[in-house]
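Protein chains in written order, with this note's numbering: chain A, 1 to 380; chain B, 1001 to 1334; chain C, 2001 to 2117; chain D, 3001 to 3226. The C-beta atom is built at its ideal place from N, Cα and C for all residues, glycine as well. Single-structure report; data block below.
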Amino acid sequence: MKHWLRRQRYLADFTLAALARRRVKNTGLIVIYSIIVFVLASAMMFSAALRHEAGTVLAKSPELIVQQLVMGRHEMIPGSEIEKLAGIRGVAAVKGRLWGYFYDSVNGANYTFMVPDDDSYDLQPGEAILGEGIGKARDFTWDTAPLFVTSLAGKMVKFTVRETFADDSALLTADLVLISEADFRSFFDLPPDVYTDIGVSIRNEREIGTIVQKAQLVMPNARFVTRSDIERTYQRLFDWREGLMTALAAAGVLAFAIFAAEKASGLSAEEAREIGILKAIGWDTGDVIAMKLWEGGLISFGAFLAGTVFAYIHVFSFQAGLFEPILKGWAVIYPDFALAPYIDGLQLATLFAITVIPYTAATLVPIWRAATADPDQVMR
Amino acid sequence: MIFQTPILALLLISALSSVVMLWAGWFALRLLLRWDLASGSRAQLEMERATDLVSTLFGFVMLAQLLSLLLYVFNADRMATLFVGAMCAVGTLNNNDWGFPTLYAKLAIFFVATMWLILDRADRTGHDYPLTRVKFALVLLIVPLVLAAGASELTYFLNLQADVITSCCSTEFTADTEDAGLGSDMSSLAPATALWLLAASGAAVALIGAVSLIWKRGTMLFAAAGAVFFVVALTAIISVISPYVYEHPTHHCPFCILKPEYNYFGYVLYVPLFLGTAFALGAGLLQPFRKVESLAATLPARIRKQVALSLASFVVFGLVVLWTIWQSQLILFG
Amino acid sequence: MSLRSAIASARPTTPAFIAIAVFSVGLGLAGLHAKLSEPAENLRLAANADLVERIGLTDLALFTEARYTRHPSMADLHTAFQDHPASFEHFPSGIFVPPPTGLASGTLSTSIEDLSQ
Amino acid sequence: MISLKNVSKLYNEGRPNEVCAAQDIDLELARNKVTVLTGPSGSGKTTLLSMIGCLTRPTTGRVFVDGAMVSGLPEKFQTELRRTKFGFVFQRFNLIRGVSVIENVMLPAAPLGPEYHELRERAQSRLERLGLGAKADMPIEFLSGGETQRAAIARALINDAPVLIADEPTANLDTVLTERFLEIVGELQSEGKTVVMTSHDPRIWQSSHVNTVVRMQDGRIIGVDA
């Protein structure tokens, strides 16, 4: 065992000395490799952290939301339906929800107008609570600047801003305008007894399935969205975005693997001669393979570690600043948020698998080919 | 469902392993037809050198499959939120008929590749490479296994249907389904029975191992006992040991113990068990060849070393089990 | 042995292993940082979860420009043209590429004269 | 010590450019003697030397080292044999550039996994013996021709192999350095080592340090002068 370890160290020593001779080229190789790992790791960490964030935060969203569908399209739901749902056993509370979109032609942003579920906000007519993104989009110069908006009917409405949500909650509230029910109805010209949808809270979470089945009988036209549906959708959404990113980056990994294979198989005459010399003076094919595996291992493992560490710093200390343009899209209101640092074994193992394994696989055959040089070639 | 990074990684590993094994299979066919160590011809020399490549590739496949096994279980666990009724990895694997077969195939590949490497190392100590034909005949058996595992994995992932919100007005997935399959089968074994079985087979393995070490016989029996012990131990992990870890009498999942919530305790449990089983099987595999002339000098010692390592690993496993039961707050028996 | 000669006679693996070790420690520190910031982050997440409950939110405010991206879980995907008011539906490019500027506030400029030509 | 029985070597067998580099060779090399293979270029002496040194397997025939047949062994075992039994000095010395002198000397021992400091001291003592002690840490390119050859000899001696094999060792050296080389050979012989080399340099095969001269032509042995 001791001999084995020492032997490995000699092999690593030799391969590093050989790498050091082509310092610029090999440093470049490691840097490019690290950058690929960095891009992939950033994308993975960012979306894993988003998944984590969404999963934790949205766990408190309403247990069940009931939407009215007309011809497959979301319609306002009449208040009379509330009674029907409240009658189902196991339902704790039913509340009509009011929320909708408002396109602000001043700056091209979309706001979400909403009446908070909880009465404790106690919003008075003419009062609003804003998300942090709205003030930015409107270039508010002072904290308590009022919000003027023009409703679709052409009325100019003024809301005094009671409060602005803190940056901490930007991911949830950036585009929110919370107003009172009376303001909401008059602003959007809604009749008194309709709602956007209905939120149902349920006493025992295990009964959600049965309650939905019962409700379906009562309201055959409705669409039911449960809390776990929402969670699943978010997991899936970020998986999908991450997967897309990975598939794109995979092209980079592939190109790099081809490059690595090319580099490993296109041994320069000098390298080939060196391997011949080593074999002539008593190195076995296995020794040469091990030596070359050390080269690949040190390069790929080093790049993996460096890329991962820098990605962590990038995502959690700099809010993934380099990818912001891609992640931001063209949203006018984009939440300015910091994610909870989150890293786990699955991420690391996956990252390792998609960066180190293709590189290793691509170099194995060229390595072996180099290692089988005839030992007597140095005599010819 | 394929556009998920861990799934892409798993499919990548399968694809690479399959390509590697297809080549190895083709080479094995040529070798079986033309291997002649006495010949000094160029073709023979090149074939000899290619065996080095096959060994390297097998090492690669073994490590990649080990990683893939981990990833597969991790990923199943993570995806559980996407399926109604799936609480953890077991639910995800039960999503369609191919989940568990893929897992078993991955386990099998890991063991078979390890066995092959053990055989390979033994072969390389004999100056006439006496086991080369056996080795490459085995390769021909391993190739279909790897291909089948890859196909099964692909089928599994292609047929995964996540229960995500759709726009239609149905909520059919909200129905709660029971975890079926492995979990319920193996956990249905009464905890006391499982513990007794584990203790009995552990004692048997220790006894046969001791006999094999001291009187140099019964090694094949030891390998068989090791394999039986592996199955019994897995059953016991599902039936009693994981409830002790979770401190919850009805939580039987053999995968959740690998999670950070339980301090990655599963690794302490599984690693010695897998090592012990691999060494035991390896000893049994080498046993028939101990009289081969060029190996007679080294092989018996190598076999005994494997038996000793296997026993040591099983002892570690046993100690971990005892420690788990001792420190657990859960009381299953009177 | 002076530091300089120690560096000169060091085996090539020494600096390489040190670099690997440094980055491994870095990765460990990252894990530690994640672990240590957990309590504070959990507080923030709990406060946000509380907010979700009080307001009755269902979605993240990540992409605010289209109905199905602002509230993906609430969207009725049958509906056509549910993107930006001035943008046709072309997911996923709809979230990477902005609609043509000027479309947002203008009106269609087709006149009777244009049509008659 | 080393004997070859009916050994032949074909290169590029089965192809149009097939060459028979050695044919039906029977040769016995005695322990603790200095043997020189000589002949015009293309006479097969280098091929014969690489078969003696287990660098090449003969196409037919057998090679025995210390009574054990080695010609049928897989490459791996030939390599193991080679690094314990033989030390090599090549015509162009074949030291590895970009690596220091002492590291070059240490290379043949690396696969054996000796303790680093012990190996380094051993390499240093070999170098000192050949008068290169002060240049141990220099890059190999900085040495002169004679020094490079002595470094190559130091490398050949690192594993204490009983046989030294040298291919045209003096082809690139002037008379003084050739003399010096022959002195070293003499010293090695007096230590009990066996030396086999090829040369078409009269200074070598006329030297008093040489015990046997094997003359070759067209892949065959045409005479042995003891």
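For residue 3111 of chain D, no chain B residue has a Cβ inside 7 Å of its Cβ, as the nearest lies near 14 Å away. Taking C-alpha positions only, residue 257 of chain A is separated from residue 361 of chain A by approximately 8 Å. Contact note: residue 246 of chain A reaches chain B through 1003, 1004, 1005, 1008 and 1009, using a C-beta cutoff of 9 Å and chain order.
In the DSSP assignment, residue 3037 of chain D falls within the beta strand (DSSP E) that extends over 3034 to 3038.
A contact between stretches requires three or more CB pairs, one per stretch, nearer than 8 Å, and the region 44 to 56 of chain A meets this requirement with the region 234 to 243 of chain A. Annotation: residue 3037 of chain D to residue 3170 of chain D spans about 13 Å, alpha carbon to alpha carbon.
Nearest Cα to residue 1317 of chain B within the set B/1088, B/1293, B/1198 and B/1248: B/1198.
Contacts between residue 6 of chain A and chain D, judged by CB atoms closer than 8 Å, involve 3113, 3114, 3115 and 3116 in chain order. Within its own chain, the residues whose Cβ lies closer than 7 Å to the Cβ of residue 1155 of chain B, once the five positions on either side in sequence are excluded, are 1098, listed in chain order. The region 2022 to 2035 of chain C makes no contact with the region 25 to 44 of chain A, as fewer than three CB pairs between them are under 8 Å. In chain order, 2059 place their CB closer than 8 Å to the CB of residue 2072 of chain C, counting only its own chain and leaving out the 5 sequence neighbours on each side. At the C-beta level, residue 289 of chain A and residue 1056 of chain B come within 7 Å of one another. Secondary structure at residue 69 of chain A: strand, using DSSP grouped into helix, strand and coil. Between the region 268 to 277 of chain A and the region 1321 to 1329 of chain B, the count of Cβ pairs shorter than 8 Å is below three; the stretches do not touch. Within the region 287 to 301 of chain A, 289 place their CB atoms closer than 7 Å to a CB of chain B, listed in sequence order. Interface residue (Cβ-Cβ distance to chain D less than 7 Å): residue 1025 of chain B is not classified as such. Here the alpha carbons of residue 2033 of chain C and residue 142 of chain A stand approximately 36 Å from one another. At least one CB atom of chain A sits nearer than 7 Å to the CB of residue 2057 of chain C. When A/201, A/247, A/260 and A/348 are compared, the shortest CA-CA separation from residue 66 of chain A is found for A/201. Against residue 2016 of chain C, the close residues of chain A are 12, 16, 298 and 302, in the order they occur along the chain (beta-carbon pairs closer than 8 Å). For residue 3058 of chain D, no Cβ of chain A is located within less than 7 Å of the residue's own Cβ. Taken through DSSP and simplified to helix, strand or coil, residue 3139 of chain D comes out as strand. For residue 1021 of chain B, the three-state secondary structure derived from DSSP is helix. Between the region 3098 to 3114 of chain D and the region 3165 to 3182 of chain D there are fewer than three inter-stretch CB-CB distances shorter than 8 Å, so the stretches are not counted as touching.
DSSP places residue 1226 of chain B in the helix class (H, G or I) of the three-state scheme. Residues of the region 174 to 192 of chain A with a Cβ closer than 8 Å to any Cβ of chain C, in chain order: 174, 175, 176 and 178. Counting C-beta pairs closer than 8 Å gives three or more between the region 61 to 81 of chain A and the region 183 to 199 of chain A, which meets the contact rule.
Bridge partners of residue 127 of chain A according to DSSP: A/160. Against chain B, the CB of residue 77 of chain A has no partner CB under 7 Å away; the residue lies outside that interface.
Chain order gives the chain B residues near residue 3072 of chain D as 1037 and 1038, where near means a beta carbon separation below 7 Å. DSSP, reduced to helix, strand and coil, places residue 3003 of chain D within a strand of the structure shown.
Here residue 3197 of chain D carries a strand assignment [DSSP, helix/strand/coil]. Proximity of residue 283 of chain A to chain D, defined by a Cβ-Cβ separation below 7 Å, is satisfied. By the neighbour-count criterion, in which 16 or more other beta carbons inside 10 Å mark a residue as buried, residue 1127 of chain B falls on the buried side. Within the region 1122 to 1148 of chain B, 1124 place their CB atoms closer than 9 Å to a CB of chain A, listed in sequence order. Residue 3016 of chain D and residue 3001 of chain D have their C-alpha atoms some 37 Å from each other.
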